[in-house]
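Asks:
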Amino acid sequence: MTSWLQLANKTAVVTGAASGIGSAVAKALVSERCHVVIADRDVSRLEEVAKSCSGMAAGSVVTAVECDVASESQVQSLFQNLPATSSPATVLINCAGITRDGWIGRMSVDQWQQVQDVNLLGTFLCCREFLAQPELQMPSKTSLDPPTEPLGGSIVNISSVVATQGNLGQVNYAASKGGVWSMTKALAREVAQRKIRVNCVLPGFVDTEMTQAVPDSVKEHVQKKIVFQQQFGQPDDIANLILFLASCHRSGYITGEAIECSGMISL
Numbered sequence: 001m002t003s004w005l006q007l008a009n010k011t012a013v014v015t016g017a018a019s020g021i022g023s024a025v026a027k028a029l030v031s032e033r034c035h036v037v038i039a040d041r042d043v044s045r046l047e048e049v050a051k052s053c054s055g056m057a058a059g060s061v062v063t064a065v066e067c068d069v070a071s072e073s074q075v076q077s078l079f080q081n082l083p084a085t086s087s088p089a090t091v092l093i094n095c096a097g098i099t100r101d102g103w104i105g106r107m108s109v110d111q112w113q114q115v116q117d118v119n120l121l122g123t124f125l126c127c128r129e130f131l132a133q134p135e136l137q138m139p140s141k142t143s144l145d146p147p148t149e150p151l152g153g154s155i156v157n158i159s160s161v162v163a164t165q166g167n168l169g170q171v172n173y174a175a176s177k178g179g180v181w182s183m184t185k186a187l188a189r190e191v192a193q194r195k196i197r198v199n200c201v202l203p204g205f206v207d208t209e210m211t212q213a214v215p216d217s218v219k220e221h222v223q224k225k226i227v228f229q230q231q232f233g234q235p236d237d238i239a240n241l242i243l244f245l246a247s248c249h250r251s252g253y254i255t256g257e258a259i260e261c262s263g264m265i266s267l
């Protein structure tokens with residue numbers, strides 16, 4: 001039976017796949033019979049995700065790769081060494097992200113820079129190397145060979161509702177995620193003729209390790225007073241939206257968009 005999303009046998013790269021939203025996205029793609037390359041700095045947890053994916057769907061190949069998205073050389077290696085059984089990649093999901101919260105008066109340059117390096121620079125590097133794959137290029141106008149159409153593809157970046165509304169103690173995070181949003185719109189224009197779509201998702205409060213570290217009193221306030229659905233989202237809620245955006249068959253006329261998935265939030 002053909003899935004409604006028609007993602008089977010496509011190759012997807014998912015960063016930040018060792019936990020949270022990235023892990024949920026990886027598993028969801030495997031369930032659609034995608035070949036998935038999962039990347040993260042946390043090798044042990046990444047291998048656990050790969051193990052949990054094994055056997056979910058017949059024929060899917062899951063490859064775990066250690067990668068710090070803030071390292072140019074490691075990101076280049078990630079895309080230059082895609083498994084021969086699954087390359088080229090036509091789907092990229094940029095889930096890698098960190099927080100280093102604090103009031104600006106106490107925030108160090110290192111706290112600022114770490115967040116920019118992972119959240120913004122990392123997204124840029126992964127997009128650049130994904131787009132550098134030869135199969136995704138426009139045919140050369142000077143070549144004597146018959147022109148071939150680029151494969152096309154889909155990039156989904158993870159921004160945040162904090163990018164649009166701000167949040168106390170998160171000037172570094174808000175700036176990085178605002179940058180991801182703006183970069184998404186600019187990049188979508190740049191690669192549209194190559195049949196590549198670029199969108200971003202703006203999650204609200206999602207039940208991941210990042211939010212579990214928040215004090216219970218704060219979480220209770222958020223659920224009852226800030227999120228109108230009065231509950232945190234689950235990683236699968238975000239993963240389902242990402243799969244829709246990854247599918248050229250179901251969201252092929254959507255690009256350059258930032259779609260909020262927050263249970264209706266008012267920060």
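Oh and the sequence shown: position 164 is 164 in the UniProt record's numbering, straight run, nothing missing. For every residue, glycine included, the Cβ atom is placed at its ideal position computed from N, Cα and C. Since the structure is predicted, the reported quantities are computational estimates derived from the model, not experimental observations.
(1) Assuming L202 contacts S159 (C-beta within less than 8 Å), just tell me the rounded distance between them.
(2) Could you tell me the distance, in whole angstroms, from the CA atom of residue 277 to the CA atom of L7?
(3) Might you give, ordered along the chain, the residues of its own chain that have their beta carbon closer than 6 Å to the beta carbon of C67, omitting 5 neighbours on each side?
(4) According to DSSP, simplified to helix, strand and coil, what is C53?
(5) Along the alpha helix (DSSP H) that carries I242, what are the first and last residues, could you check?
(6) Measure the C-alpha to C-alpha separation of L120 and C127 and round it to an integer number of angstroms.
(7) At the level of alpha carbons, what is the spacing between I104 and V43?
(8) Give the straight-line distance between the Cα atoms of V109 and D117, rounded to the nearest whole angstrom.
(9) Determine, using beta-carbon pairs with one atom in the region 233-243 and one in the region 48-65, whether at least three such pairs fall under 8 Å.
(10) With 16 other CB atoms within 10 Å as the buried threshold, where does R189 fall?
(11) For T11, does the three-state DSSP call read helix, strand or coil?
(12) Just to confirm, is the Cβ distance from V30 to V13 under 8 Å?
(13) Report yes if the CB atom of V61 is closer than 8 Å to the CB atom of S86, and no otherwise.
(14) Within the continuous beta strand (DSSP E) that includes S154, where are the two ends?
(15) Could you give the C-beta distance for V162 and K185, rounded to a whole number, given that I count them as a contact under 8 Å?
(16) What number of angstroms, rounded off, separates the C-alpha of G233 from the C-alpha of G22?
(17) Hey, quick one: how far does the beta strand (DSSP E) through V118 stretch, first residue to last?
(18) From A50, Y253 and Y173, pick the residue whose C-alpha is nearest to that of T99; which is it?
(19) Below 8 Å on the Cβ atoms is my guess for S71 versus E209; work out the distance and round it to an integer in Å.
Replies: The short version:
(1) Your numbering for residue 202 matches position 202 in the sequence shown. Your numbering for residue 159 matches position 159 in the sequence shown. Indeed they touch by this definition, with Cβ atoms about 5 Å apart.
(2) The requested residue 277 does not occur in the structure, where the chain is confined to residues 1 to 267.
(3) Residue numbering aside, residue 67 sits at position 67 when the sequence shown is read from its first letter. Once the five neighbours on either side are set aside, the close Cβ partners of C67 are A39, Q74 and L78.
(4) Numbered from its first residue, the sequence shown carries residue 53 at position 53. Of the three classes helix, strand and coil, the one that applies to C53 here is helix, per DSSP.
(5) Taking the first residue of the sequence shown as position 1, residue 242 is located at position 242. From DSSP, the alpha helix (DSSP H) with I242 extends over P235 to A246.
(6) On the sequence shown, residue 120 is found 120 positions in, with the first residue counted as 1. On the sequence shown, residue 127 is found 127 positions in, with the first residue counted as 1. Whole-angstrom Cα-Cα distance: 11 Å.
(7) Within the sequence shown, the letter at position 104 stands for residue 104. Within the sequence shown, the letter at position 43 stands for residue 43. Distance between the alpha carbons of I104 and V43 is about 32 Å.
(8) Sequence index remark: in the sequence shown, residue 109 carries index 109 (1-based). Sequence index remark: in the sequence shown, residue 117 carries index 117 (1-based). Approximately 12 Å between the Cα atoms of the pair.
(9) no
(10) Here residue 189 corresponds to residue number 189 of the sequence shown, with the count starting at 1. The residue is exposed, with fewer than 16 neighbouring Cβ atoms inside 10 Å.
(11) In the sequence shown, counting from the first residue as 1, residue 11 sits at position 11. Correct three-state label for T11: strand.
(12) Within the sequence shown, the letter at position 30 stands for residue 30. Within the sequence shown, the letter at position 13 stands for residue 13. No, these two residues do not count as a Cβ contact at 8 Å.
(13) Numbered from its first residue, the sequence shown carries residue 61 at position 61. Numbered from its first residue, the sequence shown carries residue 86 at position 86. Yes, the Cβ-Cβ distance between V61 and S86 is below 8 Å.
(14) For this step, residue 154 is matched to residue 154 along the sequence shown. Taken as a continuous stretch (DSSP letters only), the beta strand (DSSP E) holding S154 covers G153 to I158.
(15) Position 162 of the sequence shown holds residue 162. Position 185 of the sequence shown holds residue 185. Incorrect: roughly 17 Å between the Cβ atoms, too far for contact.
(16) The residue you call residue 233 lines up with position 233 of the sequence shown. The residue you call residue 22 lines up with position 22 of the sequence shown. Approximately 14 Å, taken between the alpha carbons.
(17) Walking along the sequence shown from the start, residue 118 turns up at place 118. Unbroken run through V118: none, as it is neither H nor E.
(18) The residue given as residue 99 occupies position 99 in the sequence shown. Checked all of A50, Y253 and Y173; the closest Cα to T99 is Y173.
(19) Position 71 of the sequence shown, counted from the start, is the residue given in the question as residue 71. Position 209 of the sequence shown, counted from the start, is the residue given in the question as residue 209. At roughly 22 Å, the Cβ-Cβ gap does not stay under 8 Å, so S71 and E209 are not in contact.
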